[in-house]
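K.L.:
What follows is a structure written as structure tokens; I'll ask about it next.
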Amino acid sequence: MIELRVNGRVHRTEADPQTPLLYVLRDDLGLNGAKFGCGLGQCGACTVVVEGEAVYSCITPVSAIGSRNVRTVEGLGTGETPGPMQRAFIEAQAAQCGYCIPGMMMRAQALLERHPGATPEDIRRALQPNLCRCGTHMRILRAVERAAELMKTGSRS
Amino acid sequence: MMIVRALMTMPAASFVVAWLMSCSSSGPIEPTEPRRPASFDTARVLEGARLAAIGNCITCHTAPQGRAYAGGYPLHTPFGTVYGTNITPDAETGIGRWSEAQFVRAMREGLDREGQHLYPAFPYEYFTRLSDDDLHALYAFVMTREPVRATPPANRMLVPRPAIALWKARYFKPARFQGDASRPAMWNRGAYVVESLAHCSACHTPRGALGAEKKDAYLAGGEAGGWHAPALDATSPSPVPWNPATLAGYLRTGLVDEHAIAAGPMKPVVMNLSQVPEEDTRAIAEYIVSIDARASREREGRAKAALAAPVSRAADLVGDRAIRNGAALYAGACGDCHDRGRAAEGGALPLPLAIGLTIPTPRNLIHIIRGGIVPGPHDARPWMPEFGGALSDSELADLLVYLRSLTDRPPWRDVEAEVKRASKGDE
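Quick note, the sequences are listed as chains A and B, same order.
Just so we're aligned: the first sequence equals residues 28 to 184 in the working numbering.
Just so we're aligned: the second sequence equals residues 33 to 459 in the working numbering.
Pasting the structure below:
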């Protein structure tokens with residue numbers, strides 16, 4: 028039995044300790060935001076935030092999380108009340124197929140929480156590990172820059 | 033010599049020669065007006081580009097994300113931080129007013145244009161062995177770079193510059209390269225490059241308390257930017273010993289069979305060496321491998337044993353809690369790639385072949401596991417993902433203890449302390 032804190036709530040899972048965090052999130056907890064892309068930490072679709080740091084959940088054994096809080100895209104807001112990062116992505120219409128977007132948002136979230144004043148160059152560098160096969164990078168970058176503004180001005184929409 | 037003779041035949045050349053001769057004096061040399069780039073011979077500039085790549089000059093003379101050769105790279109030493117200088121030909125902030133004689137004197141004697149001592153972080157200890165021709169070419173190369181107006185941050189060193197004189201008196205000897213006529217030409221070429229321009233020894237030889245190389249431990253393993261630079265002599269911890277072909281390939285590509293990928297401070301070295309003619313990397317490899325004095329049969333035996341080792345021992349190692357936990361973490365985080373071997377898609381090196389496990393400190397593995405190994409900007413191959421956020425300090429320590437147990441070496445001491453030290457950024 029492993030206890031796992033996700034988006035502030037504690038869950039229990041019977042999963043084998045070596046199970047990738049991603050599988051537990053998706054299969055046991057029904058949090059389908061993080062995606063399975065390559066399963067090798069090469070594409071970033073599975074990115075979640077663990078205690079402020081972006082992490083590939085597909086190659087992180089669930090036993091490694093311990094008591095640290097995991098944040099997934101579901102923790103950033105809901106369909107009805109999207110958070111600033113999600114609003115920015117909607118405004119910029121940054122998704123094409125959308126598969127990479129939760130990973131992009133989570134890596135960007137980790138960056139902006141640590142560096143609220145991240146420059147476009149910082150954003151580019153930070154998002155480098157995350158791939159978008161549709162090619163919406165320009166919009167994704169605009170969305171993250173917009174998210175930085177929204178996060179600075181609080182929850183005003 | 034040819035050049036000196038050619039100069040002698042030219043009118044008004046005597047003062048140039050006098051200048052060259054005055055290299056060993058310590059006073060200021062008058063500044064000159066910046067030379068037009070077009071006044072340099074193209075072939076010589078190209079030759080200088082090759083040499084600058086071998087010398088890895090761009091790394092320490094370029095700030096992170098900065099303009100090439102414009103300085104500002106922080107080099108952390110036990111004596112403080114020294115910043116790479118601007119060696120573009122900008123007249124005010126670079127070396128635009130440096131005459132060739134001043135440049136040669138800096139390279140061979142560690143003195144700046146005014147005759148002040150330079151910190152030996154600038155590796156003149158090695159450059160002193162450079163040939164006249166190579167110095168001409170390097171001068172032509174740097175003086176034809178794009179001038180960049182940029183002043184690096186002031187050095188933060190505990191030792192004031194005049195005190196360098198004492199260090200030099202004790203440890204620095206101006207010298208020229210002495211070949212070994214009994215060895216093949218390729219070996220001699222390698223020896224010259226390694227002992228002068230490439231300055232391999234600057235990182236791969238251990239240093240004493242005053243920062244001087246331990247001469248009796250040449251290439252026996254040293255330190256660079258918080259990373260361990262493995263031994264290249266007979267104590268080389270490489271699980272599969274190097275041979276000239278594999279080492280030459282590694283120096284050009286950073287990735288050869290049965291060896292770990294180049295990482296840390298070796299990555300820029302490889303990036304630079306990928307641009308030089310193959311004969312250069314072959315020569316370096318031939319010389320370096322010759323320093324490992326073990327008989328080739330002994331090395332073959334070692335390679336065979338390393339390759340025959342099981343890809344990774346099962347978690348049934350009778351071990352303590354750390355090893356059990358580390359084994360579980362390995363299975364969950366590492367085994368997917370590393371158990372499959374490089375031949376498989378997305379597969380990686382079986383870790384018993386990785387030199388990070390056999391060196392005397394876990395430091396390199398800590399950096400690699402935390403930060404991953406990111407390929408260069410034009411390199412599309414799969415990369416070692418970062419696990420910095422995935423593993424807590426104590427989990428990382430357990431994983432390190434387990435990985436070390438896959439080797440025939442004694443356990444690392446104070447793994448937890450090493451992990452903590454690295455977290456604080458001990459670079």
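A virtual CB, placed ideally from N, CA and C, is assigned to each residue, including glycine.
Have a look at the DSSP bridge pairing and note the partners of A/Glu172.
P.N.:
According to DSSP, which records beta bridges pairwise, A/Glu172 is partnered with nothing at all.
K.L.:
I'd like the list of long-range same chain contacts for A/Pro143, defined as Cβ closer than 8 Å, with 5 residues on each side in sequence excluded.
P.N.:
These residues qualify, in order along the chain: Ala175, Met178, Lys179.
K.L.:
Determine the closest residue to B/Tyr376 out of B/Asp122, B/Arg353, B/Arg140, B/Pro414, with distance taken between C-alpha atoms.
P.N.:
According to the sequence shown, residue 376 of chain B is Ala rather than Tyr. Answer by Cα proximity: B/Pro414.
K.L.:
Please state whether DSSP places A/Pro111 in a helix, a strand or coil.
P.N.:
Helix, per DSSP.
K.L.:
Compare the C-beta of A/Arg183 with all C-beta atoms of chain B and state if any pair is closer than 8 Å.
P.N.:
Low confidence applies to A/Arg183: its pLDDT is 47, below 50, so where it sits in the model is not reliable, and the reading given next is rough at best. No, A/Arg183 does not count as interfacial toward chain B.
K.L.:
Hey, would you say the C-beta of B/Ala182 is under 7 Å away from at least one heavy atom of the ligand NAP?
P.N.:
With respect to the ligand NAP, the structure shown offers nothing to examine, as it has no ligands at all.
K.L.:
Buried or exposed, going by whether 16 or more other CB atoms sit within 10 Å of the CB of B/Ala85?
P.N.:
Answer is buried; the Cβ neighbour count reaches 16.
K.L.:
Hey, is B/Asp17's beta-carbon within less than 8 Å of any beta-carbon in chain A?
P.N.:
Here chain B comprises residues numbered 33 to 459, so residue 17 of chain B is not present and cannot be evaluated.
K.L.:
Alpha carbon to alpha carbon, how far is B/Thr390 from B/Thr237? Give it in angstroms, no decimals.
P.N.:
Distance between the alpha carbons of B/Thr237 and B/Thr390 is about 17 Å.
K.L.:
Counting only runs that start and end within the region 256 to 335 of chain B, where is the alpha helix (DSSP H) found for 4 or more residues in a row?
P.N.:
Whole alpha helix (DSSP H) segments, 4+ residues: 276 to 285, 298 to 305, 310 to 323.
K.L.:
Throw me the rounded Cβ distance for the B/Ala100 and B/Arg177 pair, which I believe falls under 8 Å.
P.N.:
That belief holds up - the Cβ atoms of B/Ala100 and B/Arg177 are roughly 7 Å apart, short of 8 Å.
K.L.:
Does A/Tyr83 get closer than 8 Å to chain B when you measure Cβ to Cβ?
P.N.:
So, interface residue.
K.L.:
Going straight from the alpha carbon of A/Gln123 to that of B/Pro417, what length do you get?
P.N.:
About 26 Å.
K.L.:
Do A/Gly68 and A/Ile92 count as a contact pair if the criterion is CB distance below 8 Å?
P.N.:
No, Cβ-Cβ distance for A/Ile92 and A/Gly68 is not below 8 Å.
K.L.:
Which residues does DSSP pair with B/Asn220 in a beta bridge?
P.N.:
Looking at the DSSP assignment, B/Asn220 forms no beta bridge with any residue, so it has no partner.
K.L.:
With DSSP as the reference, identify every bridge partner of B/Asn118, one or two as the case may be.
P.N.:
DSSP output for B/Asn118 lists no bridge partner at all.
K.L.:
In whole angstroms, give me the CA-to-CA distance for B/Arg140 and B/Thr113.
P.N.:
Cα-Cα distance, rounded: 23 Å.
K.L.:
Classify A/Ile117: buried if its beta carbon has 16 or more other beta carbons within 10 angstroms, exposed otherwise.
P.N.:
When all chains shown are included, A/Ile117 counts as exposed.
K.L.:
Secondary structure at A/Asn96, three-state DSSP: helix, strand or coil?
P.N.:
A/Asn96 falls in the strand class under three-state DSSP.
K.L.:
Would you decide whether B/Ser214 is buried or exposed? Buried here means 16 or more other CB atoms lie within 10 Å of its CB.
P.N.:
When all chains shown are included, B/Ser214 counts as exposed.
K.L.:
Nearest chain B C-beta to A/Pro129 closer than 8 Å, yes or no?
P.N.:
No, A/Pro129 lies away from the interface with chain B (no Cβ there is under 8 Å from its Cβ).
K.L.:
Would you identify the three-state DSSP class for B/Gly388, choosing helix, strand or coil?
P.N.:
Of the three classes helix, strand and coil, the one that applies to B/Gly388 here is helix, per DSSP.
K.L.:
Could you check what DSSP says for B/His168 in three-state terms: helix, strand or coil?
P.N.:
Of the three classes helix, strand and coil, the one that applies to B/His168 here is helix, per DSSP.
K.L.:
To be precise: take each residue of the region 405 to 421 of chain B, compare its Cβ to all Cβ atoms of chain A, and keep it if any distance is under 9 Å. Which residues remain?
P.N.:
So the close ones are Val406, Pro414, Trp415, Met416, Pro417, Glu418, Phe419, Gly420, Gly421.
K.L.:
At what residues does the alpha helix (DSSP H) containing A/Pro129 begin and finish?
P.N.:
Looking at the DSSP string, the run of the alpha helix (DSSP H) that includes A/Pro129 is 128 to 141.
K.L.:
Output the residue ranges of the beta strand (DSSP E) runs that lie fully inside the region 95 to 142 of chain B and measure 3 residues or longer, sorted by chain position.
P.N.:
Counting only runs of 3 or more, we get 106 to 109, 112 to 115.
K.L.:
Can you list, in chain order, the residues of its chain whose CB lies under 8 Å from that of B/Asn187, leaving out five sequence neighbours each side?
P.N.:
Hits under 8 Å: Gly112, Thr113, Val114, Tyr115, Tyr151.
K.L.:
Any residues in the region 90 to 121 of chain A with a beta carbon nearer than 8 Å to a beta carbon of chain B? Which ones, in chain order?
P.N.:
From the region 90 to 121 of chain A, only Ser90, Ala91, Gly93, Arg95 have a Cβ closer than 8 Å to chain B.
K.L.:
Any idea what DSSP makes of A/Leu31, helix, strand or coil?
P.N.:
A/Leu31: strand per DSSP, three-state reduction.
K.L.:
Rounded to the nearest angstrom, what separates A/Arg173 and A/Met165 at their Cα positions?
P.N.:
A/Arg173 and A/Met165: Cα-Cα distance of roughly 12 Å.
K.L.:
With a CB to CB cut of under 8 Å and the five nearest residues on each side skipped, what residues in its chain are close to A/Glu101?
P.N.:
Hits under 8 Å: Asn34, Leu58, Gly60.
K.L.:
Alpha carbon to alpha carbon, how far is A/Leu158 from B/Ala347? Give it in angstroms, no decimals.
P.N.:
Per-residue confidence for B/Ala347 stands at a pLDDT of 48, beneath the threshold of 50, marking its modelled position as unreliable; no derived number is given.
K.L.:
Tell me whether B/Ser54 sits in a helix, a strand or coil according to DSSP, three-state version.
P.N.:
Its pLDDT being 39, under 50, B/Ser54 is placed unreliably in this model, and the coordinates cannot settle the point.
K.L.:
Comparing the C-beta of B/Leu361 with each C-beta of chain A, is any distance below 8 Å?
P.N.:
By this cut-off, B/Leu361 is an interface position.
K.L.:
On the CB-based measure, 16 or more other CB atoms within 10 Å of its CB, does A/Met133 come out buried or exposed?
P.N.:
Classification for A/Met133: buried.
K.L.:
Out of B/Asp164, B/Glu79, B/Met218, B/Ile61, which has the shortest C-alpha to C-alpha gap to B/Arg145?
P.N.:
Considering only alpha carbons, the answer is B/Ile61.
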